[in-house]
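A.B. asks:
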Amino acid sequence: MSTLNLDSDESDFVSSPETQLTDITDWSLPPSPAHSWRRSTVFSYSTYSSTPPELVVVHTEDEADEQLSRLVGPYLGFDIEYTNALASAYFPGTHLGLGLGFGLAHGAEESKPALLQFCDEHLIVLVQIDQFKDAIPKKAVEIICGPAIYKIAANIHSDECRLVQNFPEQFYKSRSTIRTCDIKSAVSCLIDDLDALKFDGNSRSPSTDDDGDSGSASGIGSVEDEPSRVPASMLEISSFAHTVDADTWDSHNGFHIALKDLCDHYLGKRLRKGQNFHDGNWTGYLNAQQREYAANHAYASLMIFNSILAIAQQDLLSEYLDSSCIETTSHLRWKSIHDHDYNHDNVYNLNDDGPHSTDDTDTSVLSSSNMDTICPIDRQDALEADPVDDSLGW
241 MSTLNLDSDE SDFVSSPETQ LTDITDWSLP PSPAHSWRRS TVFSYSTYSS
291 TPPELVVVHT EDEADEQLSR LVGPYLGFDI EYTNALASAY FPGTHLGLGL
341 GFGLAHGAEE SKPALLQFCD EHLIVLVQID QFKDAIPKKA VEIICGPAIY
391 KIAANIHSDE CRLVQNFPEQ FYKSRSTIRT CDIKSAVSCL IDDLDALKFD
441 GNSRSPSTDD DGDSGSASGI GSVEDEPSRV PASMLEISSF AHTVDADTWD
491 SHNGFHIALK DLCDHYLGKR LRKGQNFHDG NWTGYLNAQQ REYAANHAYA
541 SLMIFNSILA IAQQDLLSEY LDSSCIETTS HLRWKSIHDH DYNHDNVYNL
591 NDDGPHSTDD TDTSVLSSSN MDTICPIDRQ DALEADPVDD SLGW
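Mind the numbering: the sequence shown is residues 241 to 634 in the working numbering, read in order.
1. Is residue 343 helix, strand or coil when you go by DSSP?
2. If you follow the beta strand (DSSP E) that residue 319 is part of, which residue opens it and which one closes it?
3. How would you label residue 483, buried or exposed, when you count the other beta carbons within 10 angstroms and need 16 or more for buried?
4. So residue 404 is in the beta strand (DSSP E); what residue range does that whole segment cover?
5. Three or more C-beta pairs closer than 8 Å, one from the stretch 520-527 and one from the stretch 481-498: is that the case here?
6. Around the C-beta of residue 323, are 16 or more other C-beta atoms found within 10 angstroms, so that it is buried, or is it exposed?
7. If you drop the 5 nearest sequence neighbours on each side, which residues of the same chain put their C-beta closer than 6 Å to that of residue 410?
8. Alpha carbons only, please: which of 546, 560, 400 is nearest the one belonging to residue 506?
9. Would you identify the three-state DSSP class for residue 303, choosing helix, strand or coil?
10. Can you give me the C-alpha to C-alpha distance between residue 542 and residue 402, rounded to a whole angstrom?
11. Ends of the alpha helix (DSSP H) at residue 379?
12. Taking the continuous beta strand (DSSP E) assigned at residue 358, which residues delimit it?
13. I'd like the span of the alpha helix (DSSP H) that includes residue 556, first residue to last.
14. When the Cα atoms are used, what is the spatial distance from residue 531 to residue 291?
15. Could you tell me which residues DSSP puts in a beta bridge with residue 281?
16. Taking residue 364 as part of the beta strand (DSSP E), name the residues at either end of that continuous run.
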């Protein structure tokens, strides 16, 4: 592994293939001058504390396992960056995004998780998913699904939803309960009755043994004795601030607090947000500015959490943490959302229990009272679609 020290001014950063690194250590940037209209300085992970954390970028399974294993919990900063498919196509190998004036990045269906950021107080690990053949490293999945490790981020529910939507083979309630079904039947289940669910030719309902016990389901992911893998202890930093420091954020009326506002209040620093980076290309080579941006957002979340933690009532800490975590329940998730005409190939129904037939399926998981547990894009499509209208073209 190599080491890179950058002493040049921020405006001199250039993207150069010759400086591409698998691992970056002791990497830092000089602090940016504060704007005249703000007293607070710009937040940077490299200057916030007297002992800056080490920043590493991993590209292989072995590196991911080694570096992620160095992180010390139970609290980790977390974030995800997304690459728009159009940005990747039109600006290959660059950090440029469609936020530069094209106006196409917002709401694009093909934005996928491209970079995972994990950190503790002494180490920041950036994991480029495209380097792992579009699969999340096993150690990263282990951390995300570990209930004893709190992953702290802003708007983390959206991140959790997009993770399970894009990587259904890595995040699931139980392998033996994953079933594929026709989309019309799936939407009918939401409105009428789960008994109407018709499985397609790629899978069938679980078999039942002579003694009445359910056997394993065939088809997608029918693997016995494999433990569930679902995101756990995903802590929304905005909710934590509302819960612990309610008086400060009373004017927000319980609504989401932007990470930059939390950073300004608790750290006295201004967190840079750039749409060009947010909607940019996070695959391939990451230049110095991208690394700084990605590292700052994960590290800022952890530092904000520590500041709020310092004012929390310790006897109520467990309650504060639990109430601020996103509960991972049964979701209706599209198998693929990639066609321009929004055709949905299949839908997954992830149940809480082990394998069972449709007769004893808990219909409450898809009841109207639980519709908020469905990922936003899924919920919107499910509510607006008419399952008996053949004009939809499904």
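We treat Cβ as the ideally placed atom computed from N, Cα and C, and that holds for glycine.
C.D. replies: Walking through what the data contain:
1. Along the sequence shown, read from residue 1 onward, the residue named residue 343 stands at position 103. The pLDDT assigned to residue 343 is 36, lower than 50, so where the model puts this residue is not dependable; a value taken from the coordinates is nonetheless given after this. It is coil, neither helix nor strand.
2. The residue given as residue 319 occupies position 79 in the sequence shown. 315-323 is the span of the beta strand (DSSP E), which, as asked, contains residue 319.
3. One-based indexing of the sequence shown puts residue 483 at position 243. That one is buried.
4. Against the sequence shown, residue 404 aligns to sequence position 164. No beta strand (DSSP E) contains residue 404, which is instead part of the alpha helix (DSSP H) from 396-406.
5. The way I'd put it, the stretch 520-527 doesn't touch the stretch 481-498; fewer than three beta-carbon pairs between them come closer than 8 Å.
6. Position 83 of the sequence shown, counted from the first residue, corresponds to residue 323. Taking every protein chain shown into account, the CB of residue 323 has 16 or more other CB atoms within 10 angstroms, so this residue is buried.
7. Working through the sequence shown from its first residue, we reach residue 410 at position 170. Excluding the 5 residues flanking it on each side, residue 410 has same chain C-beta neighbours closer than 6 Å at 376, 381, in chain order.
8. By one-based count along the sequence shown, residue 506 stands at place 266. Of the listed residues, the one whose Cα sits closest to residue 506 is 546.
9. By one-based count along the sequence shown, residue 303 stands at place 63. In the structure shown, residue 303 sits in a helix (DSSP, three-state: H, G or I).
10. On the sequence shown, residue 542 is found 302 positions in, with the first residue counted as 1. On the sequence shown, residue 402 is found 162 positions in, with the first residue counted as 1. Each residue's Cα considered, the two are about 22 Å apart.
11. Within the sequence shown, residue 379 is the residue found at index 139, counting from 1. 378-384 is the extent of the alpha helix (DSSP H) around residue 379.
12. Sequence index remark: in the sequence shown, residue 358 carries index 118 (1-based). Per DSSP, the unbroken beta strand (DSSP E) holding residue 358 starts and ends at 352-359.
13. For the purposes of this step, residue 556 is taken as residue 316 along the sequence shown, with counting starting at 1. For residue 556, there is no enclosing alpha helix (DSSP H), as DSSP marks it with neither H nor E.
14. Position 291 of the sequence shown, counted from the start, is the residue given in the question as residue 531. Position 51 of the sequence shown, counted from the start, is the residue given in the question as residue 291. So the two alpha carbons sit approximately 18 Å from each other.
15. Here residue 281 corresponds to residue number 41 of the sequence shown, with the count starting at 1. Under the DSSP definition of a beta bridge, residue 281 partners with 509.
16. Position 124 of the sequence shown, counted from the first residue, corresponds to residue 364. It spans 363-368 - the beta strand (DSSP E) in which residue 364 sits, taken as one unbroken run.
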